[in-house]
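Novice: Below is the structure I would like to discuss, written out as structure tokens.
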Amino acid sequence: MDKIRTRYAPSPTGKMHVGNLRTALYEYLVAKHEGGDFLFRIEDTDQGRFVEGATDLIYRVLKKTGLEYDEGPDKDKGNGPYVQSERVKSGLYMKYAKMLVEKGEAYYCFCTKERLESLRTPVNAASEDDDDKEVKEVRKYDKHCLHLSKEEVEANLKAGMPFVIRQNIPTEGTTSFTDANYGTITVNNEDLDDMILIKSDGFPTYNFANVVDDHLMGITHVVRGNEYLSSTPKYTRLYHAFGWEEPIYIHCPLITNEEHQKLSKRSGHSSFEDLEEQGFLPEAIVNFMALLGWSSGTDREIFSLQELIEAFDYHHINKSPSVFDMNKLRWMNGEYIKALDDKKYLEHALPYVKQVVTKPYDLEKIAMLVKTRIETFCDIAEKIDFFEELPEYDTEMYVHKKMKTTKESSLEVLKDLLPRLEALDDYSIAGIEKTLMGYIEEKGIKNGQGLWPIRTAVSGKQMTPGGAYEIMEILGKEESLRRVRTAVDMLEK
RNA sequence: GGCUCGUUGGUCAAGAGGCUAAGACGUCGCCCUCUCACGGCGAAAUCACCGGUUCGAUUCCGAUACGAGCUGCCA
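Right, here's the structure in full:
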């Protein structure tokens, strides 16, 4: 069997949409699972939609996610160029389009926009009551220019008339193709439009360039979104028209938002960049995307990219759309954070800590306190803000049923503890623990009765990462005492 | 409107004629515990609907409903 070759062929039109990212991932996995090649090609045939810098963005994401390609614009293995706008310059697509014209599989079309417009036939606007008056139209080209004589075509061309080249699809019969995921699909040719292959600006359309390049680059497996399923018969006809072998198609289900609608920019987490900004790790994003529409068939959920390569079998890709579940991504990201070694963790976490804490505390200790308590790095801020500034809080917080504390008991504890803490010089966890536990044992009270008031006093919060010892160690003697005194004042009022 | 695809708990999903219908996220409860997490244990919750085929359908077939995609000189 020939070596598998797949390709990721995005259009540089903006951020890296998660749907695109998953396609890239699957392309990569399909190839790598079998030791094949993964190519990277840029499809920039639509000058109107080209976004400056979008190409660099794609490079960056591929690098961050570890999707390393074997061939690409900066890695020519003899199949280049790998950027379609560069391929256009050599007249490549025009050459192949003309081959099809020669064979009668395509034809020149000189129809004006106006004529095309007149072909639109309104479909009975299903007039329900609602104001859903979206005027539906059916527009299928009528093959008008197919009937032009060779002489007429020549004359038009000579006169410099703008033209496109269209695919000539039979009006009868059927076309079938087989998808690895969805099985064999057959459509009536009369439902297929004579799609444009070469645009009037001389650029190929995506559909055409895609087929030509996939063939020329020896692509064996084409992975793409479900949205291409209905145009695939046209691809099939193109391959047949050229006499080329079709690749294996692997169509993937859609990714939707919680409302089961196509994930759009509005959802706020539709691109890799969005997710990165929201504090997610590339490894977690990749892991999560892999599981959206694919399952290993085992109980396993956490996979490194390498482990995905080993486990990935494209026959297990699902058919039905998957909801992008933020909850699960957050959980998974938390798992990845916990699994990070401390050095790497701190590299990620420290910048977030610095945004909140400017006082000269031990930021690494603060960061370590939240490691098992966050799901994304953006969760850090609200958990550690009390270090910077003692928040205003209600003394009701000292009343805790389960801890068996009241305002009175708390005040007593804090007043008892104050001189001991003033006398203490060793503000290490061990030193603080010794002092506090010594007092608790002496008094014969429960741990909670002694520790709840002090933790509340030094943090001003109901919930904190770490307990009283850890917080006081970081705060140090001076600030700890200040906060305890503040608490005593508040409780004495 | 036409064409195409899809439908297992709230979500991701395994299962491919006979099972108490896996597992995970989330939710809830319990344990651990100075709070919150972490960790451990447990619970609730699912085969869209209707017909067929079959001794037997979540699984096969056909309608229905619902959802989605395409219907661009976008990809």
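If you read the first sequence in the numbering used here, its first letter stands for residue 975, the second for the next number, and so on. A virtual CB, placed ideally from N, CA and C, is assigned to each residue, including glycine.
Quick check on methionine 990: does DSSP put it in helix, strand or coil?
Specialist: coil
Novice: Which of the three DSSP states is assigned to glutamine 1329 in this structure?
Specialist: helix
Novice: Below 8 Å on the Cβ atoms is my contact criterion, and I expect valine 1197 with cysteine 1226 to pass it. Report the Cβ-Cβ distance as a whole number of Å.
Specialist: 7 Å
Novice: May I ask you to report which of helix, strand or coil DSSP gives isoleucine 1406?
Specialist: helix
Novice: For lysine 1239, count neighbouring C-beta atoms within 10 Å of its own C-beta (all shown protein chains included) and say buried if the count is 16 or more, exposed if not.
Specialist: Label assigned to lysine 1239: exposed.
Novice: Find the nearest neighbour of isoleucine 1311 within the set Val1330, Glu1349, Lys1333, Tyr1335, judged by alpha-carbon distance.
Specialist: Glu1349
Novice: Classify asparagine 1301 as buried or exposed, calling it buried when 16 or more other Cβ atoms lie within 10 Å of its own Cβ.
Specialist: exposed
Novice: Leaving aside the five residues before and after lysine 1236 along the sequence, list all residues of the same chain whose C-beta is less than 7 Å from its C-beta, in chain order.
Specialist: Leu1228, Thr1230
Novice: Where does serine 1433 sit, in a helix, a strand or coil, going by DSSP?
Specialist: helix
Novice: Count the other CB atoms, across all protein chains shown, that sit within 10 Å of the CB of asparagine 1162; report buried if there are 16 or more and exposed otherwise.
Specialist: Note on asparagine 1162: under 16 other CB atoms within 10 angstroms of its CB, so exposed under the neighbour-count rule.
Novice: Considering just the uninterrupted stretch of the alpha helix (DSSP H) at tyrosine 1180, what are its terminal residues?
Specialist: 1180-1190
Novice: Nearest to glutamate 1447 by alpha carbon, out of Leu1090, Leu1343, Phe1262?
Specialist: Leu1343
Novice: Would a C-beta distance cut-off of 7 Å place lysine 1208 and methionine 1169 closer than the cut-off?
Specialist: Their beta carbons are under 7 Å apart, which means lysine 1208 touches methionine 1169 by this criterion.
Novice: What's the gap between the Cα of glutamate 1001 and the Cα of tyrosine 1223?
Specialist: 11 Å
Novice: Apply the 10 Å Cβ neighbour rule to alanine 1099 and answer buried if 16 or more other Cβ atoms are within range, or exposed otherwise.
Specialist: Model confidence at alanine 1099 stands at a pLDDT of 41, short of 50, so the residue's coordinates are unreliable; what they give is reported in the following sentence. The C-beta of alanine 1099 has fewer than 16 other C-beta atoms within 10 Å across all chains shown, which makes the residue exposed.
Novice: Which ranges does the beta strand (DSSP E) cover as unbroken runs of at least 3 residues, wholly within the segment 1022-1109, from first to last along the chain?
Specialist: 1080-1083
Novice: Under a Cβ-count criterion, where at least 16 other Cβ atoms within 10 Å of its own Cβ denotes burial, should histidine 1290 be classed as buried or exposed?
Specialist: Classification for histidine 1290: exposed.
Novice: On the DSSP letters alone, give me the boundaries of the beta strand (DSSP E) that histidine 1225 sits inside.
Specialist: Taken as a continuous stretch (DSSP letters only), the beta strand (DSSP E) holding histidine 1225 covers 1222-1226.
Novice: Who are the Cβ neighbours of proline 1047 in its own chain at under 6 Å, not counting the five residues just before and after it?
Specialist: Tyr1056, Val1057
Novice: With 16 other CB atoms within 10 Å as the buried threshold, where does leucine 1190 fall?
Specialist: exposed
Novice: The alpha helix (DSSP H) with leucine 1171 in it runs from where to where?
Specialist: Unbroken run through leucine 1171 is the beta strand (DSSP E), 1170-1172; no alpha helix (DSSP H).
Novice: Reducing DSSP to helix, strand and coil, say where asparagine 1155 ends up.
Specialist: coil
Novice: Compute the beta-carbon to beta-carbon distance between alanine 1442 and leucine 1410, rounded to the nearest angstrom, for a pair I have assumed lies under 8 Å.
Specialist: 7 Å
Novice: Start and end of the alpha helix (DSSP H) containing leucine 1337?
Specialist: 1337-1344
Novice: Under the criterion of a Cβ to heavy atom distance below 6 Å, does leucine 1465 qualify as lining the ligand FAD?
Specialist: Because no ligand of any kind appears in the structure shown, any question about the ligand FAD cannot be addressed here.
Novice: Roughly how many whole angstroms lie between the Cα atoms of serine 1241 and asparagine 1142?
Specialist: It is roughly 40 Å from the alpha-carbon of serine 1241 to the alpha-carbon of asparagine 1142.
Novice: Drop a sphere of 10 angstroms on the beta-carbon of arginine 1061, count the other beta-carbons inside from all chains shown, and report buried for 16 or more, exposed for fewer.
Specialist: Label assigned to arginine 1061: buried.
Novice: Note down the Cα distance separating asparagine 1421 from alanine 1341, rounded to an integer number of angstroms.
Specialist: 26 Å
Novice: With DSSP as the reference, identify every bridge partner of glycine 1199, one or two as the case may be.
Specialist: Paired residues: Cys1226.
Novice: How would you write the range of the alpha helix (DSSP H) that glutamine 1141 sits in, first residue to last?
Specialist: No alpha helix (DSSP H) holds glutamine 1141; the beta strand (DSSP E) holding it covers 1138-1141.
Novice: By the 10 Å Cβ neighbour count, where 16 or more other Cβ atoms means buried, how is lysine 1006 classified, buried or exposed?
Specialist: buried
Novice: In angstroms, rounded to a whole number, what distance separates the CA positions of glutamate 1232 and isoleucine 1032?
Specialist: Those two C-alpha atoms are separated by around 26 Å.
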